[in-house]
Amino acid sequence: MDNPPQLIRTREDGHRDGYESPVVQLERNRNLLSAWLRGRGINLPIYGAVVLAYPKQIVAVPPAKTKILFPNLVPSYIRSIPQQGKQLDIDTFHWLSNELLASHQPFIPKPISESFSIPFGDFKPGVRCEECGRFGMIKLPRTWNCPFCRAMDHSAHQRALLEWFLIFKRSITNRECREFLGVDDVNTAKRILQSMNLLSNGEYRYRSYMMDFNNINFFKGR
Ligand SMILES: [Zn+2]
């Protein structure tokens, strides 16, 4: 076991934050990849390393057994891995590459207010204008209007609701939608929510809507 067993980040101002150890994360990812390969009848050795994103990051206490690399050292690390046993034949290699791509799914992290315990009140509600960046676009029939720069944007609510699901929580009710978008009318909010192809749960005023993040069609048209 490494000491300390978690990652402690010390910022320039001396502030310290604790995170899960990257060594534990690496080990978990290795196990998951290994199980994924075994499930496809492939037995390959898996080498792991922790790659630091920025050269400014300095490791005060390096882990005992885990390789730590900067990005520019990744190619030479890969070349230094000993070649052992039989290589995959080219057909299996292509098949495996396609399997990897087919298994890919977008990573949608937990809403940030949940992950970092940030109260809702610390975020500014309202629909943000893409032209001038200010909050408070006003709903007009079939579009949104910015009272500051007069910009029009018929899909401004889509961006705002996507942000709701990423920032606050996975679900939204009609009332939350009205408060967040600054819309007074229940039926307007209902039409907005129904236009987004969301999943829904419950009836009438207890109904809540959830974004189906696996349905990436929503992102495509943007
Ligand atoms: Zn504006």
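So the mapping is simple: my numbering equals the position in the sequence shown, first residue as 1, plus 1215. Note that the Cβ used here is the ideal one computed from N, Cα and C, for glycine as well.
Checklist entry - Are Glu1346 and Ala1366 close, meaning C-beta to C-beta below 8 Å? => result Yes, the Cβ-Cβ distance between Glu1346 and Ala1366 is below 8 Å.
Item to check | Cys1344 classed as buried or exposed, judged by whether at least 16 other C-beta atoms fall within 10 angstroms | outcome: buried
Item to check | Pairwise C-alpha distance: Pro1362 and Asp1399 | outcome: Using only the alpha carbons, I get a separation of about 17 Å.
Checklist entry - What residues sit near ligand 1, counting only those whose C-beta is closer than 7 Å to one of its heavy atoms, in chain order? => result Cys1344, Glu1346, Cys1347, Arg1349, Cys1361, Phe1363, Cys1364 and Ala1366
Item to check | Classification of Ile1387 by the beta-carbon crowding that lies within 10 angstroms, buried from 16 upward | outcome: buried
Item to check | Best match in Glu1418, Cys1392, Met1411 and Leu1288 for proximity to Ala1404 [C-alpha to C-alpha] | outcome: Cys1392
Checklist entry - Terminal residues of the continuous alpha helix (DSSP H) containing Thr1388? => result Here Thr1388 belongs to no alpha helix (DSSP H); instead the beta strand (DSSP E) covers Ser1386 to Thr1388.
Item to check | Secondary structure of Arg1226, DSSP reduced to three states | outcome: coil
Item to check | Neighbourhood of Lys1435 by C-beta distance below 6 Å, restricted to the same chain and skipping five residues each side | outcome: Residue confidence for Lys1435 is low, a pLDDT of 45 falling below 50, so the modelled location carries little weight; the figure read from the coordinates is stated next. If we look at Lys1435 and ignore the five residues flanking it on each side, it has no Cβ neighbours.
Item to check | Inter-stretch contact at 8 Å, needing at least 3 Cβ pairs: the segment 1351-1361 / the segment 1301-1314 | outcome: no
Checklist entry - Do Ile1283 and Val1276 have their C-beta atoms within less than 8 Å of each other? => result no
Checklist entry - Which ranges does the alpha helix (DSSP H) cover as unbroken runs of at least 4 residues, wholly within the segment 1261-1318, from first to last along the chain? => result 1289-1295 and 1305-1318
Checklist entry - Which residues mark the beginning and the end of the beta strand (DSSP E) in which Asn1360 is found? => result Thr1358 to Asn1360
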